[in-house]
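Each residue of the sequence shown is one higher than the one before, starting from 281 at the first, in the numbering used here. For glycine and all other residues, C-beta sits at the position ideal for the given N, C-alpha and C. Predicted, not measured: the structure shown is a model, and the values here were computed from it. This report concerns only the one structure given below.
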Amino acid sequence: MARTRIDRGSDRIEIRRIFSRGVVVNRPARSGPSNVSRSRRTSIVAALALLLGVPVVGRVRAEAAGGAPGTVPPTLLATRSGERREVGTTTGITEARADTIAPRPPLWALTWSDEFDGPAGGAVSALHWNAEIGDGCDAGNCGWGNEEKQRYTSGTENAALTGSGMLAITARRDPDGPRCYYGPCRYTSAKLTTRGKVTPRFGRVEARIRIPTGQGLWPAFWMLGAGFPATKWPDCGELDIMEHHGSKPGNVSSAMHGPGYSGNAALVHEHTPPGADFTRDFHRYAVEWDSAQVRFSVDDVVHFIVRRGEVAAPKVWAFDHPFYIILNLAVGGTFDGDPASDAVLPATMLVDYVRVYERQ
């Protein structure tokens, strides 16, 4: 639930946006009489809302200044996306109930989520997640294709519930680790996937994440075509919803990989808002995709759009099939280099939730 409070002189307007219900708008009433009946007041607000196509749920309170019928400052409403609309001026309204105005159906319907509820130190649900393990060599992809230095484990020392409704993926120094492809393994971490369990085809996939900072850290929230590994990469398609260079706290990136545009030739956008530091707080990272386009956003601000028509031959559009979700925290490799110091570890990527929606 998002809540916004706006002061307009002596007026205070409170907007509460609840995803499944629409928008609740509260304006505390001023004292004073009114000569307008309750049913008349309701119809006035209903007419204004319907005229502008703005859904309202709950109460809208307003009254003329001075405690007598007169002109009321514009009533502020909000749409599902958070857009605010001024409805206009009315006269003599003291209180109008808008409960009877049916909200528009939400744009997205929640079809799956993991809110990571459970006791502190517990493992993620095996109904939802798989843990990939090792340094990639068992899958014929040593270093996971990027010369990464971590060894993924399935233990709760690297992926565990916090007890407060979050998942903690933690990269750690491992001075006594077994041998990896490059020598003794120096780091451990976790990589969780929904392969074979949650594989949406089109829709919106979103996670609320706080990412760590430090040279050599590579937190990521991404997706691979569900046909992988039978369908080889990059033919399976890859959607990188959020990747972060640990050495660049003000930067996150999104990317698409497919036949003819993969690796260093991927379609990539670096999102670097002025003054941003993505490591200080949680942010919502999302992708919305269908057969026509892919849209990447941070906190509902779309920063990268790729349309099907822009992926021209010899490139091939590879995003019409189901995909599975991946959360991981890599250490070292070609993306952000190796850690300059082990002092950056342990480092944790906190995930508040992962949610999947389909378009209504």
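Residue j beta carbon less than 8 Å from that of residue i
i	j	result
ALA520	TRP502	At residue 520 the sequence reads Asp, which differs from the Ala that was named. For ASP520 and TRP502, yes; Cβs fall inside 8 Å.
GLY414	ALA440	no
SER444	ARG635	no
VAL485	ALA566	yes
LEU547	VAL586	yes
ARG639	TRP388	yes
PRO514	HIS537	yes
MET483	TYR637	Strictly speaking, residue 483 in this sequence is Gly, with Met absent from that position. Yes, Cβ-Cβ distance for GLY483 and TYR637 is below 8 Å.
LYS477	LEU407	yes
LYS595	GLY517	no
ARG459	ASP622	no
Outcome for residue i when other beta-carbon atoms lying within 10 angstroms are tallied against a minimum of 16
i	result
ASP616	buried
LYS512	exposed
ASN544	exposed
CYS417	exposed
GLU260	Shown here, the chain extends from 281 to 640; a query on residue 260 therefore has no answer.
ASP397	exposed
PRO602	exposed
THR405	The residue asked about is misnamed: residue 405 is Ser in this sequence, not Thr. Exposed, by the Cβ-count rule.
ARG431	buried
GLY526	buried
ARG466	buried
PRO509	exposed
ALA620	exposed
ALA610	buried
Own chain, CB closer than 6 Å to residue i, minus 5 neighbours either side, in chain order
i	result
VAL532	MET522, HIS524, HIS551, PHE558
TRP597	ARG588, VAL591
SER434	ALA411, ILE413
ALA500	GLU523, ASN608
SER319	Confidence in SER319 is poor, its pLDDT being 46 and thus under 50, which makes the residue's placement unreliable; the coordinate value appears in the next sentence. Hits under 6 Å: none found.
SER542	PRO514
GLU568	ARG484, ARG575
ILE606	THR473, TRP502
Same chain, Cβ closer than 7 Å to residue i, neighbours up to 5 away in sequence not counted
i	result
GLU395	GLY445, TYR633
PRO529	THR493, ASP557, PHE558, THR559
ASN426	GLY613, THR614, PHE615
ASP618	LYS429, GLY496, GLY612
TYR604	THR473, THR474, ARG475, VAL478, THR479, MET503, LEU504, ALA506
Top-ranked residue by Cα proximity to residue i, from the options
i	options	result
THR468	THR479, GLY423, LEU504	GLY423
ASP579	ASP600, TYR604, PRO594, PRO553	PRO553
LEU390	ALA487, GLU427, THR473	ALA487
VAL624	PRO458, HIS583, ALA451, PRO464	ALA451
VAL631	TYR604, LYS595, HIS563	HIS563
THR474	ARG466, TYR461, ARG490, LEU504	LEU504
ARG490	PRO464, LEU447, ALA506	LEU447
ALA506	SER577, PRO480, VAL574	PRO480
VAL574	ASP561, ASP600, ALA593	ASP600
Within-8 Å CB hit, residue i to chain D
i	result
PRO455	No chain D is part of this structure, which consists of one protein chain only.
Own chain residues within Cβ distance below 8 Å of residue i, not counting five before or after
i	result
THR442	PHE396, ALA400, ALA448, LEU630
GLY555	GLY530
HIS583	SER534, HIS549, HIS551, PHE576, SER577
PRO626	THR450, ALA451, ARG452, ARG453
### Message
Ignoring anything shorter than 3 residues, give me the beta strand (DSSP E) runs that lie fully in the region 379-432, in order along the chain.
### Response
388-394, 410-412, 430-432
### Query
Which ranges does the beta strand (DSSP E) cover as unbroken runs of at least 3 residues, wholly within the region 514-578, from first to last along the chain?
518-523, 532-537, 547-551, 563-569, 573-578
### Task
Can you check the region 443-511 for any beta strand (DSSP E) of at least 3 residues that lies completely inside it and give the ranges in chain order?
447-453, 467-469, 471-473, 483-490, 497-505
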